[in-house]
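Asks: Numbering of the sequence shown is given in this note's numbering, commencing with residue 1 and proceeding in unit increments.
By construction, the Cβ of each residue, glycine as well, lies at the ideal position given by its N, Cα and C atoms.
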Amino acid sequence: MKKAILVAGATGNLGNRICRELIIRNADVSAIVRSATDLEKIDVLTKMGVKVIEVDLNSVDEIAKACVGIDCVISAVAGLRDVIVDLQSRILDGALQAGVPRFIPSDFCTNYNDLVPGENRNFDLRREFKAYLDSAAIKASSIFNGAFADILKYNTPILNLKDKSIGYWGEKADWKLDFTTMDDTAAFTAEVALDNNALRDLEIASFQISPNELWANVKELTGQEFRIHQLSTLEDFAGFIKKQRADNPAGENELYAKWQQAQYMYSMFSTQHNQLSNEQYDNLSWTTGLAYMKSFVSPNQS
Ligand SMILES: NC(=O)c1ccc[n+]([C@@H]2O[C@H](COP(=O)([O-])OP(=O)(O)OC[C@H]3O[C@@H](n4cnc5c(N)ncnc54)[C@H](OP(=O)(O)O)[C@@H]3O)[C@@H](O)[C@H]2O)c1
């Protein structure tokens, strides 16, 4: 029998791809959206074959109604406390009320379980929701994909194509960083949603690549030797982030404040995915680092 999967955050960048991957796998896919949601985004979902249900996301009863008969709820919402803790709690309450057996929260980040609370604001919010999720009578699976590979395109200190530099913190030029493309994350998430035996925590990475290996890939693709350098010690980086945060109180209300982006990079250099579940499902293929970099590093990089 077809599995029925409900997606929250289906109009988002990742949520949309998850819906596509579920449809490919012959699932019955529905999406709960709010009344403010962009109609064009709803149209894209409808054309894909998703049953879109507009609900008052403040009402647990309305969410529960949409959850009746659902095998797994996937949350791919993005936001701060009002979304990651408050909205996800209401979605979970709706799922519980309807007797949904499984829930995938909107983690989709580095595995924060071994990281120190207080180091990454957005991970702390996920931790807070996780405590509630793990106290509930529902089977949960979290997907930890490291960083979306897109960040390699954004001229961060890790790889900056504009000033032709590659940077690392501490003595970590050979430290493997976890990157997963959104498409690979979405395909894996669809598999997990359809697998009643999926584990609680699932680490994945399309590719794990060190600063030195990034340097070698850039050289292979462009023939150019970028400057590779230590940015600072990790201790100094932590101090810098604290100061940056204190100096920018407005960032507390921004999802990707500058200091939060720095917190993500600090996390990437603090923990690694050592137990990959990439091989869990036979029919998945994973993007390699070189293939991904080829999509945006031009041979004539100027
Ligand atoms: N690991 C990484 O490097 C990385 C990078 C980026 C994102 N992520 C994570 O990936 C997940 C998905 O992110 P994304 O980039 O796909 O997000 P996105 O494109 O910004 O989409 C966010 C989704 O959440 C919904 N949403 C936001 N606020 C809402 C609210 N107050 N009430 C109801 N719905 C709301 C949006 O609905 P509307 O269409 O109605 O606005 C949309 O469907 C999140 O957990 C995010 O933190 C991870």
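1) Sorted by chain position, which residues of the same chain lie with C-beta nearer than 6 Å to LEU290's C-beta, five sequence neighbours on each side aside?
2) Suppose you measure from the CA of THR189 to the CA of LEU161; what does that come to, to the nearest Å?
3) Using 8 Å as the cut-off, can you tell me whether the region 48-60 makes contact with the region 32-39, which would need three or more C-beta pairs spanning the two stretches below that distance?
4) Tell me TRP286's beta-bridge partners as DSSP assigns them.
5) Identify which residue in ALA8, ASP174, SER142 and SER206 has its Cα closest to the Cα of MET182.
6) Could you give the distance in angstroms between the alpha-carbon of VAL100 and the alpha-carbon of LYS47?
7) May I ask whether a heavy atom of ligand 1 can be found less than 8 Å away from the beta carbon of THR37?
8) Does the distance from the C-beta atom of SER142 to that of LYS130 stay below 9 Å?
9) Rounding to the nearest angstrom, what Cα-Cα distance links GLY42 and GLY9 in this structure?
10) Verify whether the separation of the beta carbon atoms of SER210 and LYS164 is less than 9 Å.
11) Ligand 1 and TYR264: does any heavy atom of the ligand fall closer than 8 Å to the residue's C-beta?
12) GLU225 and SER277: beta carbons closer than 9 Å?
13) Since THR233 and GLY170 are thought to touch, with beta carbons under 8 Å apart, how far apart are those beta carbons, to the nearest angstrom?
14) For ligand 1, any of its heavy atoms closer than 8 Å to the Cβ of ILE151?
15) State the DSSP-derived secondary structure class of ASN196, mapped to helix, strand or coil.
16) The beta strand (DSSP E) spanning VAL33 covers which residue range?
17) With the cut-off set at 9 Å, would you say LEU87 and VAL73 are in Cβ contact?
18) Would you decide whether ILE91 is buried or exposed? Buried here means 16 or more other CB atoms lie within 10 Å of its CB.
19) If we count the other Cβ atoms within 10 Å of its Cβ and call it buried at 16 or more, is MET265 buried or exposed?
20) Where does ARG121 fall in DSSP's three states?
21) Following a CB-centred definition, is GLY289 positioned closer than 8 Å to any heavy atom of ligand 1?
22) DSSP on TRP215, reduced to helix/strand/coil?
23) Is the Cβ-Cβ distance between TYR168 and PHE269 less than 9 Å?
24) Which word fits LEU39, buried or exposed, when buried means at least 16 other C-beta atoms lie within 10 angstroms of its C-beta?
25) Spatial neighbours of CYS19 within its chain, please: CB distance less than 8 Å, with the 5 preceding and 5 following residues excluded, ordered by chain position.
26) For a quick check, are the C-beta atoms of ILE70 and ILE5 less than 9 Å apart?
27) Measuring straight from C-alpha to C-alpha, what distance separates LEU255 and GLY79?
28) Apart from the five residues on each side of it in sequence, which residues of its chain come closer than 7 Å, Cβ to Cβ, to ASN155?
29) Excluding five sequence neighbours on each side, which residues of the same chain lie with their C-beta closer than 6 Å to the C-beta of PHE148?
30) Give the list of continuous beta strand (DSSP E) stretches no shorter than 3 residues that lie fully inside the region 9-58.
Replies: On the basis of the data shown:
1) For this step, residue 290 is matched to residue 290 along the sequence shown. Once the five neighbours on either side are set aside, the close Cβ partners of LEU290 are ASN217.
2) In the sequence shown, the residue the question calls residue 189 occupies position 189. In the sequence shown, the residue the question calls residue 161 occupies position 161. Answer to the nearest angstrom: the Cα atoms are 31 Å apart.
3) yes
4) Mapped onto the sequence shown, residue 286 falls at position 286. Answer by DSSP bridge pairing: none, since TRP286 is not bridged.
5) Residue numbering aside, residue 182 sits at position 182 when the sequence shown is read from its first letter. For MET182, the closest C-alpha among the options ALA8, ASP174, SER142 and SER206 is that of SER206.
6) Counted from its first residue, the sequence shown places residue 100 at position 100. Counted from its first residue, the sequence shown places residue 47 at position 47. Their backbone Cα atoms lie some 26 Å apart in a straight line.
7) In the sequence shown, residue 37 corresponds to position 37, counting from 1. THR37: yes, Cβ under 8 Å from ligand 1.
8) Translated into positions along the sequence shown, residue 142 becomes position 142. Translated into positions along the sequence shown, residue 130 becomes position 130. For SER142 and LYS130, yes; Cβs fall inside 9 Å.
9) Counting from 1 along the sequence shown, the entry for residue 42 is found at position 42. Counting from 1 along the sequence shown, the entry for residue 9 is found at position 9. Per the sequence presented here, residue 42 reads as Ile, with Gly not at that position. Going by the C-alpha atoms only, they are around 11 Å apart.
10) Stepping through the sequence shown from its first residue, residue 210 is reached at position 210. Stepping through the sequence shown from its first residue, residue 164 is reached at position 164. It is not a contact, given that the beta carbons lie outside the stated cut-off.
11) Here residue 264 corresponds to residue number 264 of the sequence shown, with the count starting at 1. At least one heavy atom of ligand 1 lies less than 8 Å from the C-beta of TYR264.
12) What you label residue 225 is simply residue 225 of the sequence shown in a count that begins at 1. What you label residue 277 is simply residue 277 of the sequence shown in a count that begins at 1. Not closer than 9 Å, so no.
13) Sequence index remark: in the sequence shown, residue 233 carries index 233 (1-based). Sequence index remark: in the sequence shown, residue 170 carries index 170 (1-based). Right, the Cβ-Cβ distance comes to about 6 Å (below 8 Å), so this counts as a contact.
14) If you number the sequence shown from 1, residue 151 lands on position 151. Yes - ligand 1 has a heavy atom lying nearer than 8 Å to the Cβ of ILE151.
15) For the purposes of this step, residue 196 is taken as the residue at position 196 of the sequence shown. In the structure shown, ASN196 adopts coil according to DSSP, grouped into three states.
16) Looking up residue 33 in the sequence shown gives position 33. That run of the beta strand (DSSP E) goes 28-33.
17) Position 87 of the sequence shown, counted from the first residue, corresponds to residue 87. Position 73 of the sequence shown, counted from the first residue, corresponds to residue 73. Contact: no.
18) As a position in the sequence shown, residue 91 is number 91, starting the count at 1. It counts as buried.
19) Indexing the sequence shown from 1 puts residue 265 at position 265. So MET265 ends up on the buried side.
20) For the purposes of this step, residue 121 is taken as the residue at position 121 of the sequence shown. Of the three classes helix, strand and coil, the one that applies to ARG121 here is helix, per DSSP.
21) Along the sequence shown, one-based indexing puts residue 289 at 289. GLY289: no, Cβ never under 8 Å from ligand 1.
22) Residue 215 sits at position 215 when you count from the first residue of the sequence shown. TRP215 falls in the helix class under three-state DSSP.
23) Taking the first residue of the sequence shown as 1, we reach residue 168 at position 168. Taking the first residue of the sequence shown as 1, we reach residue 269 at position 269. Cβ atoms of TYR168 and PHE269: closer than 9 Å.
24) Position 39 of the sequence shown, counting from 1, holds the residue named residue 39. So LEU39 counts as exposed.
25) Here the question's residue 19 lines up with position 19 in the sequence shown. The answer, listed in chain order, is VAL7, ALA10, VAL29, ALA31, LEU45, MET48 and VAL50.
26) Counted from its first residue, the sequence shown places residue 70 at position 70. Counted from its first residue, the sequence shown places residue 5 at position 5. For ILE70 and ILE5, yes; Cβs fall inside 9 Å.
27) For the purposes of this step, residue 255 is taken as the residue at position 255 of the sequence shown. For the purposes of this step, residue 79 is taken as the residue at position 79 of the sequence shown. Per the coordinates, the alpha-carbon of LEU255 lies some 6 Å from the alpha-carbon of GLY79.
28) Within the sequence shown, residue 155 is the residue found at index 155, counting from 1. Same-chain partners within the cutoff: LEU161 and LYS162.
29) Position 148 of the sequence shown, counted from the start, is the residue given in the question as residue 148. Around PHE148: MET182.
30) 28-33 and 51-54
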